[in-house]
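Visitor: These protein sequences, in sequence, are chains A and B. The opening residue of the first sequence carries number 38 in this note's numbering; numbering runs sequentially from there. The opening residue of the second sequence carries number 38 in this note's numbering; numbering runs sequentially from there. Can you read through this structure? Questions will come right after.
Number of protein chains: 2
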Amino acid sequence: MEMLSIFQYSLIYNAFSFALAAMGAATLFLWFGRSQVSDHYKTAVTISGLVCAIATYHYLRIFESWEAAYQVKDGVLSATGVAFNDAYRYVDWLLTVPLLLVELVLVMRLSREETASKAKKLGFAAALMIILGYPGEIAADVPTRALWGTLSALPFLYIIWELYRGLGESIERQPANVRELIKKARLLTLASWGFYPIVFMAPYINISGGTAQTTIQVGYTIADLVAKAVFGIVIWMIAVQKSEAEKSGNH
Amino acid sequence: MEMLSIFQYSLIYNAFSFALAAMGAATLFLWFGRSQVSDHYKTAVTISGLVCAIATYHYLRIFESWEAAYQVKDGVLSATGVAFNDAYRYVDWLLTVPLLLVELVLVMRLSREETASKAKKLGFAAALMIILGYPGEIAADVPTRALWGTLSALPFLYIIWELYRGLGESIERQPANVRELIKKARLLTLASWGFYPIVFMAPYINISGGTAQTTIQVGYTIADLVAKAVFGIVIWMIAVQKSEAEKSGNH
Numbered sequence: 038m039e040m041l042s043i044f045q046y047s048l049i050y051n052a053f054s055f056a057l058a059a060m061g062a063a064t065l066f067l068w069f070g071r072s073q074v075s076d077h078y079k080t081a082v083t084i085s086g087l088v089c090a091i092a093t094y095h096y097l098r099i100f101e102s103w104e105a106a107y108q109v110k111d112g113v114l115s116a117t118g119v120a121f122n123d124a125y126r127y128v129d130w131l132l133t134v135p136l137l138l139v140e141l142v143l144v145m146r147l148s149r150e151e152t153a154s155k156a157k158k159l160g161f162a163a164a165l166m167i168i169l170g171y172p173g174e175i176a177a178d179v180p181t182r183a184l185w186g187t188l189s190a191l192p193f194l195y196i197i198w199e200l201y202r203g204l205g206e207s208i209e210r211q212p213a214n215v216r217e218l219i220k221k222a223r224l225l226t227l228a229s230w231g232f233y234p235i236v237f238m239a240p241y242i243n244i245s246g247g248t249a250q251t252t253i254q255v256g257y258t259i260a261d262l263v264a265k266a267v268f269g270i271v272i273w274m275i276a277v278q279k280s281e282a283e284k285s286g287n288h
Numbered sequence: 038m039e040m041l042s043i044f045q046y047s048l049i050y051n052a053f054s055f056a057l058a059a060m061g062a063a064t065l066f067l068w069f070g071r072s073q074v075s076d077h078y079k080t081a082v083t084i085s086g087l088v089c090a091i092a093t094y095h096y097l098r099i100f101e102s103w104e105a106a107y108q109v110k111d112g113v114l115s116a117t118g119v120a121f122n123d124a125y126r127y128v129d130w131l132l133t134v135p136l137l138l139v140e141l142v143l144v145m146r147l148s149r150e151e152t153a154s155k156a157k158k159l160g161f162a163a164a165l166m167i168i169l170g171y172p173g174e175i176a177a178d179v180p181t182r183a184l185w186g187t188l189s190a191l192p193f194l195y196i197i198w199e200l201y202r203g204l205g206e207s208i209e210r211q212p213a214n215v216r217e218l219i220k221k222a223r224l225l226t227l228a229s230w231g232f233y234p235i236v237f238m239a240p241y242i243n244i245s246g247g248t249a250q251t252t253i254q255v256g257y258t259i260a261d262l263v264a265k266a267v268f269g270i271v272i273w274m275i276a277v278q279k280s281e282a283e284k285s286g287n288h
């Protein structure tokens with residue numbers, strides 16, 4: 038068991054509760070906001086809300102698992118012997134990470150064939166990235182962690198390539214008023230997703246147990262909030278602006 | 038552990054339960070009322086409801102944490118050894134205080150650029166104010182509390198300046214029928230927010246533990262109800278009146 042200070046324990050505890058509230062709020066915001074976009078964009082916004090709803094569920098589980106793993110009595114922190122279940126994160130990502138890329142493809146409103154082809158390729162690569170990362174996350178030693186981490190980086194690189202090469206051309210065909218916003222959403226995906234491998238690599242360098250665990254848990258939580266809630270709201274903003282422009286006949 | 042009387046303990050207990058019920062009721066009122074405003078104001082009302090929903094969640098957590106921290110058996114109050122988690126308030130404010138300012142900006146229906154710029158500036162200052170306040174709240178000694186409290190006052194002063202200087206001019210451009218109501222909403226923000234630093238400073242003066250804790254908990258609870266639920270309903274009233282006026286072509 039990692040050696041945690043009470044401060045670190047509380048920081049993680051409060052970060053989980055914050056994420057639970059923020060993901061829940063983002064879910065409701067997006068589902069309410071669904072009525073403000075035209076029919077073409079409703080699916081993208083529905084999925085944005087779903088991703089946050091799935092994350093809300095998992096942060097509730099993560100929060101409760103964290104609560105069960107430790108107890109603080111009279112100012113002393115001790116492990117209860119119940120293991121903290123880290124797998125919830127990977128279960129969450131397996132569902133949500135492909136959906137995040139599908140959101141981005143859907144809000145662009147490409148042709149039906151192009152939408153299906155891009156969504157399939159990107160979704161499959163995203164799922165593969167998560168599946169390959171998990172054996173590394175639970176590995177006891179750094180070389181095993183590094184091996185799976187590196188394998189997981191390959192589909193990640195493919196996703197970056199696809200977002201810039203494959204999707205780049207389609208982005209240039211988007212209406213001028215939203216082109217920059219879509220590029221921002223793409224950049225947000227890369228910036229927030231790029232944070233996960235950094236957190237994943239935290240145990241590579243020699244930092245002590247409690248600090249490593251705090252960095253991993255708080256780091257993943259912040260990255261999740263940006264990648265899902267903030268990203269979802271940007272997708273909704275794109276959908277609102279495209280709906281308005283199309284309603285006034287300017288598309 | 039603070040020395041609380043049973044009366045003080047019960048007063049705080051019932052205040053938390055009251056806030057939980059009132060915030061939940063305000064949430065539902067605002068979300069039902071969302072269908073009564075025109076599309077331009079739906080986002081402002083959605084967010085007003087969300088702020089109350091996030092507060093409902095946190096009052097549930099605060100209530101349960103309070104319940105776990107003490108027990109009353111045969112008329113004797115004793116601490117259980119489980120710490121009361123005061124951080125929930127700051128976690129709540131970090132999410133809701135920026136959103137309260139966003140509500141006010143959104144209901145004014147400024148241009149897209151002006152909305153984005155005002156919302157960003159005010160939201161960022163609000164988040165900074167909360168982040169700087171927290172180290173003071175958990176500080177063991179009064180000088181440390183006072184230091185962080187003073188730092189936290191700087192973004193607060195900036196917000197006041199922005200609400201009166203920056204937003205004042207935009208308020209004068211609002212339709213006559215709602216101008217006074219928007220000024221009231223602004224005043225409500227200042228009056229209720231001004232209450233927090235007063236409560237924050239309660240431990241500065243030499244009052245005993247139990248009284249200080251009761252003042253802080255009940256004081257913050259009343260301030261939260263005014264700043265979120267009452268304020269949210271005023272925002273909704275502005276949205277209803279503006280929707281009606283715009284429908285009859287008078288805008």
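Beta carbons are placed, not taken as given, at the ideal position from N, Cα and C, and that holds for glycine.
Are three or more beta carbon pairs between the region 250–259 of chain A and the region 229–237 of chain A nearer than 8 Å?
Guide: Yes: at least three Cβ pairs fall under 8 Å.
Visitor: Can you check DSSP and say which residues form a bridge with A/Ala116?
Guide: Counting from 1 along the first sequence, the entry for residue 116 of chain A is found at position 79. Per DSSP, A/Tyr107.
Visitor: DSSP three-state label for A/Gln211, please.
Guide: Reading the first sequence from its first residue, position 174 is the one you call residue 211 of chain A. Here A/Gln211 sits in coil by DSSP.
Visitor: Name the chain B residues that come within less than 7 Å of A/Gly86, Cβ to Cβ?
Guide: Within the first sequence, the letter at position 49 stands for residue 86 of chain A. Within 7 Å Cβ-Cβ: nothing; A/Gly86 doesn't reach chain B, min ~12 Å.
Visitor: Is it a yes or a no for the region 219–234 of chain B touching the region 190–208 of chain B, going by three-plus beta-carbon pairs under 8 Å?
Guide: Yes: at least three Cβ pairs fall under 8 Å.
Visitor: Only counting the same chain, and skipping five residues up and downstream in sequence, which positions put a Cβ closer than 7 Å to that of B/Ile275?
Guide: What you label residue 275 of chain B is simply residue 238 of the second sequence in a count that begins at 1. These residues qualify, in order along the chain: Val144, Val215, Leu218, Ile219 and Ala222.
Visitor: If you follow the alpha helix (DSSP H) that B/Ser54 is part of, which residue opens it and which one closes it?
Guide: Counted from its first residue, the second sequence places residue 54 of chain B at position 17. Its alpha helix (DSSP H) spans residues Ile43 to Gly70.
Visitor: Does the ligand HEM have a heavy atom nearer than 7 Å to the CB of A/Met40?
Guide: In terms of ligand content, the structure shown is empty, and the ligand HEM therefore cannot be addressed.
Visitor: Could you tell me the boundaries of the alpha helix (DSSP H) in which B/Phe193 lies?
Guide: Position 156 of the second sequence, counting from 1, holds the residue named residue 193 of chain B. Segment Val179 to Trp198, the alpha helix (DSSP H) holding B/Phe193.
Visitor: How should B/Arg149 be labelled, buried or exposed, when 16 other C-beta atoms within 10 angstroms of its C-beta is the threshold for buried?
Guide: Against the second sequence, residue 149 of chain B aligns to sequence position 112. When all chains shown are included, B/Arg149 counts as exposed.
Visitor: Can you say whether B/Ala124 is buried or exposed, counting buried as having 16 or more other CB atoms within 10 angstroms of its CB?
Guide: Within the second sequence, numbered from 1, the residue matching residue 124 of chain B stands at position 87. With 16 or more Cβ atoms within 10 Å of its Cβ, B/Ala124 is classed as buried.
Visitor: Which value, in whole angstroms, describes the spacing of the CA atoms of A/Ile99 and B/Tyr107?
Guide: Stepping through the first sequence from its first residue, residue 99 of chain A is reached at position 62. Stepping through the second sequence from its first residue, residue 107 of chain B is reached at position 70. Looking at the two C-alpha atoms, the distance is approximately 26 Å.
Visitor: Is there a Cβ of chain A sitting closer than 8 Å to that of B/Leu157, yes or no?
Guide: The residue given as residue 157 of chain B occupies position 120 in the second sequence. The displayed chain sequence assigns Lys, not Leu, to residue 157 of chain B. It does not: the Cβ of B/Lys157 has no partner Cβ on chain A nearer than 8 Å.
Visitor: I need the DSSP call for B/Arg223, collapsed to helix, strand or coil.
Guide: Here residue 223 of chain B refers to the residue found at position 186 when the second sequence is read from its first residue. Note: B/Arg223 maps to helix in three-state DSSP.
Visitor: Mind checking which residues open and close the alpha helix (DSSP H) that includes B/Lys265?
Guide: Residue mapping note: residue 265 of chain B aligns to position 228 of the second sequence, counting from 1. Neither: B/Lys265 is in no alpha helix (DSSP H) and is coded neither H nor E.
Visitor: Name the chain B residues whose beta carbon is nearer than 9 Å to that of A/Leu65?
Guide: Your numbering for residue 65 of chain A matches position 28 in the first sequence. Residues of chain B passing the Cβ test: Trp68, Thr83, Gly86, Leu87 and Ala90.
Visitor: With a threshold of 8 Å between beta-carbons, can B/Ala228 be considered close to chain A, or not?
Guide: What you label residue 228 of chain B is simply residue 191 of the second sequence in a count that begins at 1. No, B/Ala228 lies away from the interface with chain A (no Cβ there is under 8 Å from its Cβ).
Visitor: Can you list the residues of chain A that B/Arg98 reaches, using a CB-CB cut of under 8 Å?
Guide: Residue 98 of chain B sits at position 61 when you count from the first residue of the second sequence. Here the neighbours are Ser54.
Visitor: Report the CB separation of B/Ile167 from B/Val134 in whole angstroms; it is logged as a contact under 8 Å.
Guide: The sequence position of residue 167 of chain B within the second sequence is 130, counting from 1. The sequence position of residue 134 of chain B within the second sequence is 97, counting from 1. Right, the Cβ-Cβ distance comes to about 6 Å (below 8 Å), so this counts as a contact.
Visitor: Would you grab the beta carbon distance between B/Val88 and B/Leu138 for me? Rounded to a whole angstrom, and I think it's under 8 Å.
Guide: Residue numbering aside, residue 88 of chain B sits at position 51 when the second sequence is read from its first letter. Residue numbering aside, residue 138 of chain B sits at position 101 when the second sequence is read from its first letter. So it is not a contact: roughly 11 Å between Cβ atoms.
Visitor: Tell me, please, whether the CB atom of A/Lys110 is closer than 8 Å to any CB atom in chain B?
Guide: On the first sequence, residue 110 of chain A is found 73 positions in, with the first residue counted as 1. For A/Lys110, the answer is yes, since a Cβ of chain B falls inside 8 Å of its Cβ.
Visitor: Just tell me which of B/Glu140, B/Phe55, B/Phe66 and B/Trp130 has its CA closest to the CA of B/Ile84.
Guide: Reading the second sequence from its first residue, position 47 is the one you call residue 84 of chain B. The residue with the shortest Cα to Cα distance from B/Ile84 is B/Glu140.
Visitor: State whether the region 68–76 of chain A contacts the region 113–129 of chain A, with contact taken as three or more CB pairs (one from each stretch) at a distance under 8 Å.
Guide: No: the two stretches stay apart, fewer than three of their Cβ pairs being nearer than 8 Å.
Visitor: Could you please give the first and the last residue of the uninterrupted alpha helix (DSSP H) stretch that includes A/Phe161?
Guide: Stepping through the first sequence from its first residue, residue 161 of chain A is reached at position 124. Element bounds for A/Phe161: Arg149 to Glu174.
Visitor: Please report whether the beta-carbon of A/Gln45 lies at a distance below 8 Å from any beta-carbon of chain B.
Guide: The count along the first sequence starts at 1 and reaches residue 45 of chain A at position 8. It does not; no Cβ of chain B falls within 8 Å.
Visitor: Can a CB atom of chain B be found closer than 8 Å to the CB of A/Ala116?
Guide: For the purposes of this step, residue 116 of chain A is taken as the residue at position 79 of the first sequence. A/Ala116 does not count as touching chain B.
Visitor: Measuring alpha carbon to alpha carbon, tell me which of B/Gln278, B/Trp273, B/Thr258 and B/Val271 ends up nearest B/Met60.
Guide: Residue numbering aside, residue 60 of chain B sits at position 23 when the second sequence is read from its first letter. Looking at the Cα atoms, B/Thr258 is the closest of the given residues.
Visitor: Measure the alpha-carbon distance for A/Lys279 versus B/Ile270 and round it to whole angstroms.
Guide: Counting from one through the first sequence, the residue named residue 279 of chain A turns up at place 242. Counting from one through the second sequence, the residue named residue 270 of chain B turns up at place 233. Straight-line Cα distance between these residues: approximately 31 Å.
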